[in-house]
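Student: Let me give you the structure first, and then I'll get to my questions.
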Amino acid sequence: MSEATAPTRVGIFVFDEVEVLDCCGPFEVFSVANRVNSLRNGTLPFVLSLIAKTPEVSARGGLALRAHQIIDQDPEVDLLLVSGGVTGAVERDRATISWLSRSQAQVKASICTGAFLLAEAGILTDQRVTTHWEDQSALSARWPSLRVERDRRWVCDGNVFSSGGISAGIDLSLHLVEVTAGRDLAIATAKQMEYTWVEDAYAPGVR
Numbered sequence: 149m150s151e152a153t154a155p156t157r158v159g160i161f162v163f164d165e166v167e168v169l170d171c172c173g174p175f176e177v178f179s180v181a182n183r184v185n186s187l188r189n190g191t192l193p194f195v196l197s198l199i200a201k202t203p204e205v206s207a208r209g210g211l212a213l214r215a216h217q218i219i220d221q222d223p224e225v226d227l228l229l230v231s232g233g234v235t236g237a238v239e240r241d242r243a244t245i246s247w248l249s250r251s252q253a254q255v256k257a258s259i260c261t262g263a264f265l266l267a268e269a270g271i272l273t274d275q276r277v278t279t280h281w282e283d284q285s286a287l288s289a290r291w292p293s294l295r296v297e298r299d300r301r302w303v304c305d306g307n308v309f310s311s312g313g314i315s316a317g318i319d320l321s322l323h324l325v326e327v328t329a330g331r332d333l334a335i336a337t338a339k340q341m342e343y344t345w346v347e348d349a350y351a352p353g354v355r
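Numbering (this note's numbering), first residue to last: 149 to 355.
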């Protein structure tokens, strides 16, 4: 990313009973990428925000999260990342699904069961996709037209990305740093996090 390039606006959607690492892992990746790049040349490649239906949500385990933006504001983002967790109530919430459906983000991504929300919103229709290994059969059964890929850390089909569960979202987020801001920054971000980046999208998850 050159200094003249506008920063990528990254929105991470969260909700009650969101899986903590599904949202906090990607948040940390993009936040650290900003810090690393700022130390290099004084620029921030990402503008990062948590988006929710309400100003505050309670993640799994009771962690309180405060949203930077709420969906009623129709926040403008370039990259929309939908976290996973306990998604049943969110899937039935028409205001949230409608907001997802009309999102103008150039790139959309899901972590774990966030894929169910993208499918419910009609963003995932017949693409290749993955999710947490525990939920792959359910995703395939509910949306038979989806090509659910197993033993994948993440999948890219056009401008829609999806990852397996929990820690796989960190690997996908580092990949998204690579494709939006350069491989060098992605590697430096993983190093700063002291995280062993699984770059191979075909690497199987833990069973």
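Think of the CB as a built atom: it goes at the ideal place given N, C-alpha and C, for glycine as much as any other residue.
With a threshold of 16 other CB atoms inside 10 Å of the CB of Ala253, please say whether the residue is buried or exposed.
Tutor: It is buried - the Cβ of Ala253 has at least 16 other Cβ atoms within 10 Å.
Student: Starting from Cys304, trace the beta strand (DSSP E) both ways and give me its first and last residue.
Tutor: Its beta strand (DSSP E) spans residues 302-305.
Student: Would you kindly check if the distance between the Cβ of Phe178 and the Cβ of Leu198 is under 8 Å?
Tutor: In this structure, Phe178 does not lie closer than 8 Å to Leu198 by Cβ.
Student: Could you tell me the alpha carbon to alpha carbon distance between Ala200 and Ser206, rounded to whole angstroms?
Tutor: Those two C-alpha atoms are separated by around 11 Å.
Student: Quick check on Asn392: buried or exposed, where buried means 16 or more other Cβ atoms within 10 Å of its Cβ?
Tutor: This structure leaves residue 392 out entirely; the chain is present only between 149 and 355.
Student: Thr197 lies in the beta strand (DSSP E); which residues open and close that run?
Tutor: The sequence as given places Ser at residue 197; Thr does not occur at that position. Element bounds for Ser197: 194-200.
Student: Since Ser186 is in the alpha helix (DSSP H), which residue starts that stretch and which ends it?
Tutor: Note, Ser186: alpha helix (DSSP H), 168-189.
Student: In terms of alpha-carbon separation, which member of Phe161, Lys256, Leu227 lies closest to Arg214?
Tutor: Comparing Cα-Cα distances from Arg214 to each of Phe161, Lys256, Leu227, the minimum goes to Phe161.
Student: Could I get the ranges of all uninterrupted beta strand (DSSP E) runs contained in the region 244-323, with 3 residues as the minimum, in chain order?
Tutor: DSSP runs (the beta strand (DSSP E)) wholly in the region 244-323: 255-259, 302-305, 308-311.
Student: DSSP three-state call for Ala349: helix, strand or coil?
Tutor: In this structure, Ala349 counts as coil in the three-state DSSP scheme.
Student: What's the C-alpha gap between Val158 and Val180?
Tutor: One C-alpha to the other measures close to 13 Å.
Student: Buried or exposed, going by whether 16 or more other CB atoms sit within 10 Å of the CB of Gly210?
Tutor: Counting Cβ neighbours within 10 Å, Gly210 comes out exposed, since fewer than 16 surround it.
Student: Quickly, what does DSSP pair Thr235 with across the bridge? List them, please.
Tutor: In DSSP, Thr235 forms no bridge with anything.
Student: Do Gly232 and Asp305 have their C-beta atoms closer together than 8 Å?
Tutor: Contact flag unset, no.
Student: Quick one: give me the first and last residue of the beta strand (DSSP E) that Leu213 is part of.
Tutor: It spans 212-214 - the beta strand (DSSP E) in which Leu213 sits, taken as one unbroken run.
Student: Could you please give me the residues that DSSP links to Thr156 through a beta bridge?
Tutor: Bridge partners of Thr156: Phe194.
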